[in-house]
Every structure is written in structure tokens, then in C-alpha cells.
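Quick notes on the structure that follows.
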Amino acid sequence: MGPRAKNWLTSFFNRIVQEKKIPRAWHQAQIIAVPKPGKDHSIVANYRPISLLSVCFKVMERLIMHRISPTLDDTIVVEQAGFRHGRSTFDQVLALTTFIENGFQRKQKTGVIFLDLTAAYDTV
Numbered sequence: 139m140g141p142r143a144k145n146w147l148t149s150f151f152n153r154i155v156q157e158k159k160i161p162r163a164w165h166q167a168q169i170i171a172v173p174k175p176g177k178d179h180s181i182v183a184n185y186r187p188i189s190l191l192s193v194c195f196k197v198m199e200r201l202i203m204h205r206i207s208p209t210l211d212d213t214i215v216v217e218q219a220g221f222r223h224g225r226s227t228f229d230q231v232l233a234l235t236t237f238i239e240n241g242f243q244r245k246q247k248t249g250v251i252f253l254d255l256t257a258a259y260d261t262v
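For the sequence shown, the working numbering begins at 139 and goes up steadily by one.
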């Protein structure tokens with residue numbers, strides 16, 4: 139991207155932040171159906187919906203995220219692991235296992251609820 143385009147995009151993003159108004163086009167996504175590999179393409183359930191968002195929106199989102207991430211990492215509880223840099227759901231499994239083991243050592247019971255969101259977006 140050349141300097142003229144960068145300047146225009148910067149002023150565009152700044153105007154959005156100052157006015158606190160997101161362009162109407164950014165409220166919409168184009169949804170396309172991608173066939174699941176190895177499935178019968180004549181059955182609607184064998185397609186995965188993909189939302190295509192505005193590239194400008196994604197760029198602005200990334201810029202904002204880059205700026206607020208240091209503050210967020212200091213304020214969000216450590217138990218929040220999904221979609222955070224350097225943390226994964228595997229960390230949560232390890233924390234749960236440790237919690238259960240510690241309770242077992244103290245002869246305590248541990249109750250757990252698991253929510254399976256597999257294919258949740260396919261059924262929404």
C-alpha cells in the first residue's frame with residue numbers, strides 16, 4: 139500500500155473512532171457455503187457457512203486489538219484462556235486436573251460441567 143492510501147486509511151479509521159460510528163456496510167457479512175470434505179454435496183447439512191467480512195474492518199480490528207492487548211492481559215482473569223496469546227484450552231485442562239487432584243488429596247469432591255460446542259456454528 140502506498141503512502142497516499144495509508145494516509146487515507148488512517149484518516150478514515152480516525153474519523154470512525156472520533157464519530158463512534160461504524161460504517162453500515164461493516165455490519166453485514168457475505169456468507170458463503172463451503173462443502174465439507176468427503177461429504178455428499180447434495181445434502182445441505184454437509185456445508186459449512188463462512189462469513190466474509192470487510193477487509194478494512196479486519197484491519198481496524200487488528201489495529202485496535204494490538205493497542206488494547208497489553209491492558210486487557212492485565213485485567214482479564216487468568217482463567218480466561220481461549221483466544222488469548224500464549225494461553226490455550228490445554229492450560230485449562232491442566233488447571234482443572236490440578237484442582238481435582240488437590241481436592242482429592244483433601245478428601246473433597248469436585249463437581250464439573252462440560253459443555254460440548256462441537257459444530258455449534260453449523261446449527262445456529
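Beta carbons: idealized from backbone N, C-alpha and C, even for Gly.
Item, Value
"Identified DSSP bridge partners for Ser-171", "Looking at the sequence itself, residue 171 is Ala, so the reference to Ser does not match. Pro-187."
"Euclidean distance between Cα positions of Leu-191 and Arg-162", "12 Å"
"DSSP state of Arg-222 mapped onto helix, strand, coil", "strand"
"Among Cys-194, Phe-237, Thr-209, nearest to His-165 - alpha-carbon criterion", "Cys-194"
"Beta-carbon proximity of Ile-154 to Ile-160, cut-off 9 Å", "yes"
"Three-state secondary structure (DSSP) of Pro-217", "The question names Pro, but residue 217 is Glu in the sequence shown. Reduced to three states, the DSSP call for Glu-217 is coil."
"Integer-rounded CB distance, given that Arg-186 should sit under 8 Å from Lys-174", "6 Å"
"Close beta carbons around Phe-150, own chain, < 8 Å, minus the five adjacent residues each side", "Cys-194"
"Reference Ser-189; option with closest CA among Glu-157, Phe-228, Ala-171, Met-198", "Ala-171"
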